[in-house]
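Step one of this worksheet: look at the structure below.
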Amino acid sequence: GESVGLHLPTLSVQEGDNSIINCAYSNSASDYFIWYKQESGKGPQFIIDIRSNMDKRQGQRVTVLLNKTVKHLSLQIAATQPGDSAVYFCAETLGAQKLVFGQGTRLTINP
Amino acid sequence: KAGVTQTPRYLIKTRGQQVTLSCSPISGHRSVSWYQQTPGQGLQFLFEYFSETQRNKGNFPGRFSGRQFSNSRSEMNVSTLELGDSALYLCASSLAGAGDTQYFGPGTRLTVL
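In order, the protein sequence lines correspond to chains A and B. Under the working numbering, think of the first position of the first sequence as 261, with each following residue one higher. Under the working numbering, think of the first position of the second sequence as 3, with each following residue one higher.
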């Protein structure tokens, strides 16, 4: 079925530490995965994406890992900063015409 | 390049009324998708338009409808508003659909009293 879920609804990390946000998906046919960041009062902002023919992709301070065997996606944020505080959503495409979003994880940075 | 714009940003309506929301995609993007975001249900897909045609639709009642114009701008309409329609309505545009990166607008916050 269509299901993209997150293991933890909230995550609290110390400033400067690395953050890892996890996501499980259920449709093995999904071929495109995206991470979005949503700050209060704003729409989701694209962070990084990965296609199913890859298992890792790196951006600026962010890395996405895809494990198709266990249908798991993770977002790693290096040296977390106060500006990283937000809700993070993973999403997958089904049929290349819509995104299915997870419920989101709220990331809080402790000074 | 300007981002996705949505108007109005905030709207207050009463039950039974109807509402029309507008979305202007990024220049050159032909696909526009609409999503409803609520605390309880998260982000849920409403529908997607490409070249003025609805290509996909989510599980929402027929009170929710949309259209896309030749310049790719899109509108969505909700008729006979219910309290449960209170939500943030988000529009996202992409070059050709969900297989491309979707960029979101700031949303329209609809409150139904």
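Using N, Cα and C, we set each Cβ at its ideal position, and we do this for glycine too.
(1) Any chance you could list the beta strand (DSSP E) runs of at least 3 consecutive residues sitting entirely within the segment 28-66 of chain B, in chain order?
(2) List the DSSP bridge partners of Gln274 of chain A.
(3) Go ahead and label Gln104 of chain B buried or exposed: buried means 16 or more other beta carbons lie within 10 angstroms of its beta carbon, across all protein chains shown.
(4) Is Leu85 of chain B near the ligand ATP, going by C-beta to nearest heavy atom under 7 angstroms?
(5) Starting from Ile280 of chain A, follow its DSSP beta bridges and name the residues at the other end.
(6) Indicate whether at least one CB of chain A lies closer than 8 angstroms to the CB of Gly18 of chain B.
(7) Taking all protein chains shown into account, do 16 or more other C-beta atoms lie within 10 angstroms of the C-beta of Val330 of chain A, making it buried, or fewer, making it exposed?
(8) If we define contact as Cβ-Cβ less than 8 angstroms, is Gln363 of chain A a contact residue for chain B?
(9) Near Lys328 of chain A, what residues of its chain come up, given a Cβ to Cβ distance below 6 angstroms and the 5 sequence neighbours on each side ignored?
(10) Rank B:Ser96, B:Pro108, B:Asp87 and B:Asp102 by C-alpha distance to the C-alpha of Phe41 of chain B and give the top, closest one.
(11) For Leu359 of chain A and chain B, any beta-carbon pair shorter than 8 angstroms?
(12) In angstroms with no decimal places, state the Cα-to-Cα distance between Pro269 of chain A and Ala346 of chain A.
(13) So which of A:Gly319, A:Leu271, A:Gln341 and A:Asp309 has the shortest CA-CA distance to Leu333 of chain A?
(14) Quick check on Thr340 of chain A - is its C-beta less than 8 angstroms from some C-beta in chain B?
(15) Given a threshold of 16 other Cβ atoms within 10 Å of its Cβ, counted over all protein chains shown, does Met78 of chain B qualify as buried or as exposed?
(16) Inspect the CB distances between the segment 300-307 of chain A and the segment 15-34 of chain B and report whether three or more fall short of 8 angstroms.
(17) Report all residues from its chain with a CB closer than 6 angstroms to the CB of Pro371 of chain A; omit the five preceding and five following residues, and keep chain order.
(18) Could you tell me which chain A residues have their CB closer than 9 angstroms to the CB of Phe66 of chain B, listed as they occur along the chain?
(19) When the cut-off is 8 angstroms and only beta carbons count, does Lys302 of chain A lie next to chain B?
(20) When the Cβ atoms of the segment 352-369 of chain A are set against those of the segment 41-58 of chain B, are three or more pairs found closer than 8 angstroms?
(21) Closer than 9 angstroms by beta-carbon distance: list the chain B residues that pair up with Phe349 of chain A, in chain order.
(22) Which chain A residues are close to Pro108 of chain B, counting only those with a beta carbon under 9 angstroms from its beta carbon?
(23) Residues in the segment 82-96 of chain B with C-beta within 9 angstroms of chain A's C-beta atoms, listed in sequence order?
(24) Of all Cβ atoms in chain E, is any one closer than 8 angstroms to the Cβ of Asp315 of chain A?
According to the data block:
(1) 33-40, 44-52 and 55-59
(2) A:Asn370
(3) buried
(4) No copy of the ligand ATP appears in this structure; indeed no ligand is present at all.
(5) DSSP output for Ile280 of chain A lists A:Gln336 as bridge partner(s).
(6) no
(7) exposed
(8) Taking Cβ atoms only, chain B reaches closer than 8 angstroms to Gln363 of chain A, which makes this a yes.
(9) none
(10) Phe is not the amino acid found at residue 41 of chain B; the sequence shown has Pro there. Among B:Ser96, B:Pro108, B:Asp87 and B:Asp102, the Cα nearest to that of Pro41 of chain B is on B:Asp87.
(11) yes
(12) 12 angstroms
(13) A:Asp309
(14) no
(15) buried
(16) no
(17) Glu275
(18) For the C-beta of Phe66 of chain B, not a single chain A residue is nearer than 9 angstroms; the gap to the nearest is close to 14 angstroms.
(19) For Lys302 of chain A, the closest Cβ of chain B is nearer than 8 angstroms.
(20) In short, these stretches touch, since the Cβ pair count reaches three.
(21) Result: Gly44 and Leu45.
(22) Gly301, Lys302 and Gly303
(23) Leu90, Leu92, Cys93 and Ala94
(24) The displayed structure is made up of protein chains A and B, and chain E is not among them.
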